[in-house]
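**Student:** Below you will find the structure I want to go over with you.
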Amino acid sequence: MSTSVQHCLLAVPNLIFLPPVCHNIRRFTILLGFVVILSVLPTTSPRDEKDLHSKQVNSWALKFGSDIGEASAKASCLTKIIESYAKMNPAISVNWSDPGGTFEDIKTYIENTLNWKMRALETTAEATERAATDNGNEKLEKQAKYLYFNAKKMYDPREPPDSDDDDDEDDDDDDDNGDSKEDYRPIELEHRRTFDWPVNITHSCVHVPTNVYDKAPTIVDGIRWSEEITDVFRNNMAVDHFLSWQYFCSSTGFLRIYPAMKWRNGEKTDMYDCRLTQWFIQAAASPKDIVILLDGSGSMLGLRKEIARNVVLTILDTLTDNDYFTVIRFSADIEYMSPCSEGSMVQANDENIREFKERLSNPETINMANFSNALITAFELLQKFHTSGTGSQCNQAIMLITDGAPDTYEDIFRRFNWPNIPVRVFTYLIGREVTDIQEVNLIACNNRGYYTHVTTLAEVREQVQKYIPVMSRPLVLSGTRTPIWTSVYADISEIRLTDWKWEERERKQIRNLYLREREKQREMDYSENQVMEFTADEENATDLDLLSGGSHPTTPEPEATRRAQKKKIAHLMTTVAIPVFDKRNYTVRVADLLGVVGIDIPIKEIIRTASLFKLGVNGYMFIINNNGHVIYHPDLRTLFQDMLKPFYNSVDISEVELADENDTTNANLIMKLREEMIKRSKNRQTITVRMHFDNLRRVVTRKNLYFYGPIEKTPFSLAIVLPEGYGQHRARGQKQIKIQEEDWMTYFQGNNWRVHPDWVYCETPPKLKEPYISPEDVIRNLLTAIKTRQNFRWRAHSRTPPIYDSMICDKELVQSLVYDANATDVFSNSSKTVKYPADNEEKLVKPFGIVTTFVATRSGLTRFEDYRTEEEKDNSTEKPFYELHTRATDELFYKRAVDYYAINSTAFVFSVPYDAGTRNNSLVTASRAFFLGDGRKKAPVGVVGLQYRHSTFAERFFNITSQCKVSSCEFRCSDEEHACYLLDNNGFVVVSEKHEETGRFFGEIDYTIFDSLVSYGIYNRVKVRDYQAICVEIQPQSGPANFLHTPFSYLKNGILWLWGQLTMLLVQYNLHSWWAGEWVAAMDYSYYNDYGFEDESRYGRSLLNKTKAEPCIKEVELYEVQTTSPKPLKGKLSQCHATQCDKEYIAQPVVQTNLILLVVYNMCPCEPSISTLEPKKVEQKEEEKCYRMKHGLPRKRPDDCTNYHPGEVEIKQCGKGSSTNASTYLQLGVLIFIWFTKYCPV
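In my numbering, the protein residues as written are 1 to 1242.
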C-alpha cells in the first residue's frame, strides 16, 4: 500500500484536517461503496421480480411434492413391499408375455365353451323332432284338459301374491278370456347362481303370446308333445352346469322355456312373440333382400292406412342385420320412403330401420295406384342387387301391401320372374270391405309367396309373420341344419328407450312434479325455454332428477352421486339356435317348420371362461361378428339412465376403438383391423388409439398391440389388446401351493383383504338354495382344503364340460395370488412383521390426514388399512374406498398409476371426486405403480395408494405456499393478488383457495389461462367422439293455437279425406265407410293439452316442454398432461383487458406427483372465458348420413344360403282368401229395397 493511502486511512477519524490528496481518495471510496451497495440490493425490474417468484413457486412445488410424496411412500409401505418382492423365494421373474400364446389360450377356452352349447343344442333339436313325430299325431279328447306350467300363470305358494301392474294387467286379460284362478298353478322357485331370478330346474314352462289363443287345439297339442323335451333340457344342464336358458319356439307361437320361471317383461303389456325374435328369424330362413311396396292411393285412408302402416312396421321388425330392404310408397308415382335409399336397398340394421319407421309416421295417400310401375321398379332393383353382388345374395322377395289390385300383372311376372321365380311375392290385403281378393291372392300364389288378409290392427303381428315359414321351405326340404349366432342383445325384462316410452315417462314425471308443486303451494320460477341437458353422469340418474333439471328440493345432494349404489347393468347375451323340422307324415306335400330351438349364452359366461387376468393391467379383449358389430367390448355402453339405447346391439368396432387422429395412418389401420376380423383373418397390428375413462372426463393416448383371429364354428372374431411396452412383459411369480411348505392361510388372516370379484379363482357347480359365497370365502375354502389334504383339480382345456367331482381352480391365478399375499404381508396388521414404529401414527397418519392405505396386485389381491375411529366409521354415510374398489387391475386408480409411470416413475397420481367442492368431507386419492425388472424389460406388479382428508391436504399445501424463503413475504398464495391451484394431469382442480372449485375442470374456472397452458405444451388437447351418445332435445310445442296458425292444413286434410271416401265409393261401392268412422283412428289429437294442466301460467310453460331422446354422435375435448419439465413456465395473456394490462401466471410441475402448481396474478382484471367438458352434438350433413346408409361398412355375408329346392313346386299352400262379406248396412239396404218393391209398388 502506498504511503499516501496509508496516511489517508490513518487520518480518517480526523476528517476535518485532511490533506488535499486524501480528499480525492475519500471521494473514490464513497463512490465505490455506493456501487457495492447497489449491486447487492434486489432488483426492482418486473422481469427480475417474476424470476424470483418463479424460484419461489419452484421451491413450493419441491417442498410440497417431496413432503407428500415421501409421506405417501412411507405410509403405503412402498419400499418395504418392493424389498419383500425382491427377497421372495422363488424369485419373481419378468419375461416376454407371449401375446400370441395368450391369444390362443383365451380363444381355446371360448371355443370350448361355445362348442359345449352347440352340442347341447343338437341334442335338443333331435329330441324335439322325435317327440313331434312319435306323439304329435295324438289328439286330446275334446273334454280333456291338459295341465302345464304357464309362465304367466304361475305363483310360488311360499311367497305373497304379486301386486305389480304387470300381474294385475295379466289377470285382467285372463279374466276377459274366460280364464279362472284354476288356470294358475303353484310351483316352488329357487335362486340359482347362473340365473338372474328364481327358477325351478325340475320343470319347464310355457309362454303363449297375447295374440295367440292358448286353448286352441293346435297350441294345446304342441304344448303336450313338447313336454317330453324337458328331460333333455335337464340332462343338458346336468352335463354343462353353467348352461343358461334353453327353449323351443314353435311355429304356432308358444315358447317352452327351461328352467321354469315366472314370466318377466320390461313393459306392462306382454307383446313378446318368440317367432318375431332375431334368433328365430335367422334360424328359420336364410338372409333376404326385401322390397316393400306400400299402396299410397287415395283409397288407403283411415283405418286401412293405419293397418297398412303397422304391417310395414312389423315386417321391418322381422328383419335382421343380414338382410337388406327398402320401402316404396306408390300411387300414380313411386316414392322411396327414405330419400337416402333412392334407387337402392340398405342393410337392415337398427339405425336404418329407425330412419324408415320415422318416415312412415304419416305416409301420404293420394291419386290412383300404378301397380305396374311399382312392380317393375321392385324387380329392377332386386335384379340390380343380384347381378352387382351386393345385398344378401340369397332370398329375394317383394312385399305388396294394398287394399286391392285390379289385375294379376302376368306380363310383368313373365318378364321378370317366370319360370324360375327367383323372387317371392307376398301380398297383404288390407281392410274388411274389399273386393279384389282373387287378384291379390293369385299374385302371391303364382310367385312362391303367401297371401294374407289383414282386417284389424289386432291381427297384424300374427298375419305378418306367416311369410317366415314360407321362406324356410327350401331349408326344411333340404334338411340343412346350420347353427346361427345372433348379435348381442339384452333380456326381455330390460326396458327399451323408445319414443313412446320416453314420452310416457316424461308425461308421468312432469305430472308428478306439477302435482307436488300444487300440493306445496309453491311457485317455481322456470325460464320460458328451459332445456333439459344431460351429461355423462346423468345417464344413470333417476327420471325425476333429469326432468326437473336437478332443481327440485327433493333432488339428492351432489355427494349422493358418489355413494355406493347398485349400478344397473344390462344382462347381455348371444343366442345359438337351429331350426327343427316337422317330419310327420301328411296326406299332402308340406314343408313345415316345426320351430326353432335355442340356448342363451350370457356374455358374462364368455368373460368368465376367458381368464382375462392373463391380459394384465390396461389389457382387454373384444369380440365382433361378421357385420363388424360388437359382441363384447369394455366400452360398450348399453344403457341411458335405466333404458337400453336404441342401437346398443349394432355398435361398430370402429366406433369404440378410436384412432389417434394426429396420424391418419391409425384410422386406416383400425379399418384394416376391422376388415381382416370380419374376413376371419389372423394377424396382428400396432395402432395408436385414444382411450377415455371416467364417464368421458379423462383420456390417455396409448399405442396398443392387437392380436386377432376367428372363433371357429361361429361368425365371431376375437381380439386381445395389450399396451405396447409394459403390456409385452409379464411379472411371473407363483407358490406351489399343493406342496405344503407352510400354512398359506397365514397370509390371508383378518378381514382387511379382498380379491377380484369377477375373476374365477376356483369354482364349484351352481346349486339351488346355494348361500352366497364371497370371493374371499372361496379362497379360504381352497386353503382349508389344502391344509386338510382335500382333493381339488387345476383347470385345463377340455372339449367336454368338466366333471365337478371336486373344486376346480385356475393354477396360474391362484398360485400368483398366494405369492402376492406373501410378498405384501408386510402391509398387513396381521403380519408377524412389525409394520411401523410405535409413533408412526403420530408422525404420518394424523399430521397428513391419512384415512386409508392400500395395495393392489396383478393377481387381483387388494389389502387395506382403515385409520378412522370406530365412531367415524359408524357415522359415515358412504361405503369406504376398499369396499367399492375391489377389482384391482381393473380399477381406475390402478390403470392411471400404471399409465403415468411412463411419464414419471416416482410419481403418485392424485385425484378428487368431481363433486368435492360441494361437500366438506371429501378425500384425496393417491396411487403409485411399482414395476419390477431391468431396463426395457419391466412389468407392473402392483399399485400402492392411500386417501387423505382433503381439508388436511389443502391446509398443508397452503401452509407451504405461505413460506417465503426465496423472495419477500409479499408473494404468497394466501394473498388476494394471487390465486393458487393444484391441477391434476387431466386439468381437474385438486386444491383451490375457493373450496367450491375443487373437483371441477379448470376450463370451467378460467379457460383462457388453461388454453394458454395447452398452447405452451403443458397439456395436450385430445378430441374424443362418442358414437353411443343420446341427445335430448326439446320438441316444438303443440296446442290449441296450432289450429289458428295452420287452418289451411286442416282444410286440406278434410278435402283429401272426402276425396278418399269418394274414391272408395266409386271403386268398391262400399257405403259403410261413409259413416263407419274409420278415419278417426288416424286423426291428430295434438291440439289437446298433453299433460292436462289447467293453469300453466302459474307453474311456467317450461314444465310443458316435451323432449325427445334419440341416438346421436357427440364430441368432447379432453386433456392429458405432456411430458413435464422440472422448470417453471412463466406465461401471460397479453392486453386481455381494456386497460391494456397483461394477466400473468406461473405453472410448475410438483415433484413426485401428477400435479401442476398454477399461480395466477389477479392484478389485471381480465374477464375469463368458460369451457366445460360437456360433449357437444356433432351435426351430420345429409350427404354423409345418406352415404353411410346406402353403402355402410364392409361386412361378410353368412356362409350358408338355402333359397331354392326343386321339391317346393309340389307345395300348394299359399294362403286362403277371406270370403267376401257384404257390408251389413248394404245388406240391410238391399232388404229394405226388396221390401219396398214388393209391398210398395209404384
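Ideal Cβ placement from N, Cα and C applies to all residues, glycine included.
First and last residue of the beta strand (DSSP E) that includes V425?
**Tutor:** Note, V425: beta strand (DSSP E), V423 to I430.
**Student:** Judging by CA-CA distance, which residue of I292, C394, E410 and N367 is the nearest neighbour of L360?
**Tutor:** Out of I292, C394, E410 and N367, I292 has the C-alpha closest to the C-alpha of L360.
**Student:** Sort out for me which residues DSSP pairs W279 with in a bridge.
**Tutor:** Answer is none; W279 lacks a bridge partner.
**Student:** Could you give the uninterrupted runs of the beta strand (DSSP E) lying entirely in the region 194 to 227, keeping only those of 3 residues or more?
**Tutor:** With a minimum length of 3 residues, the continuous beta strand (DSSP E) runs that stay inside the region 194 to 227 are 205 to 207.
**Student:** Since Q347 sits in a beta bridge, which residues does DSSP pair it with?
**Tutor:** Paired residues: Y324.
**Student:** Determine the direct distance from the alpha carbon of L400 to that of Y451, and round the result to whole angstroms.
**Tutor:** Spanning the two alpha carbons is a distance of roughly 10 Å.
**Student:** To the nearest angstrom, how far is it from the Cα of P765 to the Cα of Y804?
**Tutor:** One C-alpha to the other measures close to 7 Å.
**Student:** Nearest-angstrom Cα distance between E1110 and F356?
**Tutor:** The alpha-carbon atoms of E1110 and F356 are separated by roughly 15 Å.
**Student:** What beta strand (DSSP E) runs, 3 residues minimum, are completely inside the region 668 to 696?
**Tutor:** Counting whole runs of 3 or more residues, the region 668 to 696 contains the beta strand (DSSP E) stretches 683 to 693.
**Student:** Looking at the structure shown, is W759 part of a helix, part of a strand, or coil, going by DSSP?
**Tutor:** Reduced to three states, the DSSP call for W759 is coil.
**Student:** Just the C-alpha distance for K288 and Q396, rounded to the nearest angstrom, thanks.
**Tutor:** One C-alpha to the other measures close to 5 Å.
**Student:** According to DSSP, W485 sits in a beta bridge with which residue or residues?
**Tutor:** The partner list for W485 (beta bridge, DSSP) reads V576.
**Student:** Taking 9 Å as the cut-off, decide whether the C-beta atoms of T326 and M300 are in contact.
**Tutor:** Cβ atoms of T326 and M300: not closer than 9 Å.
**Student:** In angstroms, rounded to a whole number, what distance separates the CA positions of T886 and V855?
**Tutor:** Rounded to the nearest angstrom, the two C-alpha atoms are 11 Å apart.
**Student:** Apart from the five residues just before and just after H797, which ones in its own chain have a Cβ nearer than 6 Å to its Cβ?
**Tutor:** T108, listed in sequence order.
**Student:** Would W279 be called buried (16 or more neighbouring beta carbons within 10 Å of its own) or exposed?
**Tutor:** Counting Cβ neighbours within 10 Å, W279 comes out buried, since at least 16 surround it.
**Student:** For I653, tell me which candidate among L718, F693, G616 and L615 has the shortest Cα-Cα distance.
**Tutor:** Nearest C-alpha to I653: L718.
**Student:** Tell me whether R793 sits in a helix, a strand or coil according to DSSP, three-state version.
**Tutor:** Three-state result, R793: strand.
**Student:** Assign D270 to one of three DSSP states: helix, strand, or coil.
**Tutor:** If DSSP states are grouped into helix, strand and coil, D270 belongs with coil.
**Student:** For T925, report the span of its alpha helix (DSSP H) as first-last.
**Tutor:** Unbroken run through T925 is the beta strand (DSSP E), L923 to D934; no alpha helix (DSSP H).
**Student:** How long is the line joining the alpha carbons of K63 and D663, rounded to whole angstroms?
**Tutor:** About 40 Å.
**Student:** Can you tell me which of the three DSSP states H633 falls into?
**Tutor:** In this structure, H633 counts as coil in the three-state DSSP scheme.
**Student:** Exposed or buried, what is K1176 when buried is set at 16 or more other beta-carbons lying within 10 Å of its beta-carbon?
**Tutor:** Exposed, since its Cβ has fewer than 16 Cβ neighbours within 10 Å.
**Student:** Any idea if Y146 is buried or exposed, counting beta-carbon neighbours within 10 angstroms, 16 or more meaning buried?
**Tutor:** Answer is exposed; the Cβ neighbour count stays below 16.
**Student:** Let me know the secondary structure DSSP gives K80 once reduced to three states.
**Tutor:** Helix, per DSSP.
**Student:** Could you tell me the distance, in whole angstroms, from the CA atom of Q734 to the CA atom of R637?
**Tutor:** Cα to Cα, Q734 sits roughly 36 Å from R637.
**Student:** Just curious, the alpha helix (DSSP H) that H950 is in, first and last residue?
**Tutor:** Start and end: H950 to I960.
**Student:** CB-CB under 6 Å to N1089, same chain, minus the five flanking residues each way: which ones, in chain order?
**Tutor:** Its pLDDT being 36, under 50, N1089 is placed unreliably by the model, and nothing is read from it.
**Student:** Among residues of its own chain, excluding the 5 on either side of E891, which ones have a beta-carbon nearer than 6 Å to its beta-carbon?
**Tutor:** Around E891: H885.
**Student:** Look at the alpha carbon of Y648 and the alpha carbon of C980, and state the distance between them as a whole number of angstroms.
**Tutor:** The alpha-carbon atoms of Y648 and C980 are separated by roughly 44 Å.
**Student:** Buried or exposed: which applies to E1144, given that a residue is buried once 16 or more other Cβ atoms fall within 10 Å of its Cβ?
**Tutor:** The residue is buried, with at least 16 neighbouring Cβ atoms inside 10 Å.
**Student:** Would you mind sorting G945 into buried or exposed? The rule is 16 or more other CB atoms within 10 Å of its CB.
**Tutor:** Buried, by the Cβ-count rule.
**Student:** Confirm, please, whether the CB-CB distance from R448 to R424 is below 9 Å.
**Tutor:** Cβ atoms of R424 and R448: closer than 9 Å.
**Student:** Just checking my contact of K80 with V826 at CB under 8 Å: how many whole Å lie between their CB atoms?
**Tutor:** At roughly 5 Å, the Cβ-Cβ gap stays under 8 Å, so K80 and V826 are in contact.
**Student:** In the DSSP assignment, what are the bridge partners of H191?
**Tutor:** Note: H191 sits in no beta bridge, so no partner.
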